[in-house]
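Visitor: Going by numbering that gives the first Met the number 0, the sequence shown opens with residue 0, and the numbers climb by one from there.
Attaching a single structure in structure tokens format; questions to follow.
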Amino acid sequence: MKSNIIDAVTYWLRATIQPRDAIIGLKYHPNKIAVAVWINVIFAALYAITALIYYAIGRLPAVEPWMPISPEKYYLYQIFWTIPWGLITWIAFSGVAHLLAIAGRENPRAYTYEDALVVCGLGWVAPSAILMWIPETILVPIFGVFWPAWIETLRLMVLPVAWQIVLVAVGLRETHDVGWVRGLGIGVMTVAVFFISFLAYMR
């Protein structure tokens with residue numbers, strides 16, 4: 000287990016600067032599913048820590064929760080559902096990516112759902128960690144949101160979306176032999192699934 004955790008961190012960091020090499024390397028890793036699971040568990044656990052920090056400092060959700068939970072207690076509850084939410088979301092949009100990648104193919108069995116899990120795990124976590132988790136966990140609790148609204152929009156809604164779409168496209172080219180147009184289209188669909196889930200449950 001320890002080696003899988005170390006490999007998870009290694010591939011995660013590698014994916015930020017060498018995504019294609021990271022995806023190819025993890026695709027052929029003997030324990031690729033275990034490593035991919037740990038990548039997502041670690042990332043979700045880090046977001047659970049963020050929720051703990053926000054609850055401790057009394058920060059309220061920026062968007063009013065739709066669930067019948069008081070804003071004052073929302074981050075307390077979010078601590079507990081973040082890891083299950085992260086894993087379910089990753090499994091779901093990986094399934095979307097795989098099904099779209101093999102649709103209409105002559106030999107769909109040549110491509111595996113496990114490889115889609117690899118692609119989408121790295122494609123989701125690498126951009127989200129840098130553009131979302133680091134600012135929200137390190138900067139916001141200390142300084143608040145001190146940057147302009149347009150930067151916040153870029154940070155949350157533009158740059159991570161574009162980055163994730165490209166990473167999914169790059170990954171599926173390596174694992175499912177899709178072209179750029181199809182890969183980018185699948186990237187849009189899978190990232191939409193992630194962001195709908197994120198906006199529904201995470202604050």
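Don't be surprised by glycine CBs; every beta carbon is placed ideally from N, CA and C.
#1: Would you mind sorting T88 into buried or exposed? The rule is 16 or more other CB atoms within 10 Å of its CB.
#2: Count the C-beta pairs between the stretch 132-144 and the stretch 34-53 that are closer than 8 angstroms, then say yes if the count reaches three, no if not.
#3: Just to confirm the assignment, what range does the alpha helix (DSSP H) spanning F145 have?
#4: Rounded to whole angstroms, what's the CA-CA distance from A21 to V117? Just pull it up for me.
#5: Where do the N-terminal and C-terminal ends of the alpha helix (DSSP H) with E71 fall, by residue?
#6: So which of R172, N3, M66 and A43 has the shortest CA-CA distance to H97?
#7: Considering only residues of the stretch 122-178, which uninterrupted alpha helix (DSSP H) runs meet the minimum length of 4 residues and lie entirely inside it, listed in chain order?
#8: By alpha-carbon positions, which one of D114, C119, E151 and N39 ends up nearest to A61?
#9: Hey, V180 and V160: beta-carbon distance below 7 angstroms or not?
#10: Tell me which same chain residues have a C-beta within less than 8 angstroms of the C-beta of P107, skipping the five on either side of it?
#11: So, at 6 angstroms on beta carbons, what are the nonlocal neighbours of W146 in its own chain, with the 5 sequence-adjacent residues on each side left out?
#12: For the stretch 37-47 against the stretch 0-7, do three or more pairs of beta-carbon atoms, one drawn from each stretch, fall closer than 8 angstroms, so that the two count as touching?
#13: Check whether the Cβ of P67 sits closer than 6 angstroms to any heavy atom of the ligand COA, and report yes or no.
#14: Within the stretch 27-67, note down every full beta strand (DSSP E) run reaching 3 residues or more, in order along the chain.
Guide: Reading from the atomic positions:
#1: Within the sequence shown, numbered from 1, the residue matching residue 88 stands at position 89. With 16 or more Cβ atoms within 10 Å of its Cβ, T88 is classed as buried.
#2: Yes: the two stretches touch, three or more of their Cβ pairs being nearer than 8 angstroms.
#3: In the sequence shown, residue 145 corresponds to position 146, counting from 1. Here F145 belongs to no alpha helix (DSSP H), and DSSP marks it neither H nor E.
#4: Position 22 of the sequence shown, counted from the first residue, corresponds to residue 21. Position 118 of the sequence shown, counted from the first residue, corresponds to residue 117. Approximately 10 angstroms between the Cα atoms of the pair.
#5: Mapped onto the sequence shown, residue 71 falls at position 72. Per DSSP, E71 belongs to the alpha helix (DSSP H) from P70 to I101.
#6: Position 98 of the sequence shown, counted from the start, is the residue given in the question as residue 97. Closest option to H97, Cα to Cα, is R172.
#7: 139-142, 148-152 and 158-174
#8: Translated into the one-based positions of the sequence shown, residue 61 becomes position 62. Of the listed residues, the one whose Cα sits closest to A61 is E151.
#9: Walking along the sequence shown from the start, residue 180 turns up at place 181. Walking along the sequence shown from the start, residue 160 turns up at place 161. Against a cut-off of 7 angstroms, the Cβ pair of V160 and V180 comes out as no contact.
#10: On the sequence shown, position 108 is the one that residue 107 refers to. The residues are I101.
#11: As a position in the sequence shown, residue 146 is number 147, starting the count at 1. None.
#12: yes
#13: For the ligand COA, the structure offers nothing, since it holds no ligand at all.
#14: For the stretch 27-67, not a single whole beta strand (DSSP E) run of length 3 or above is found.
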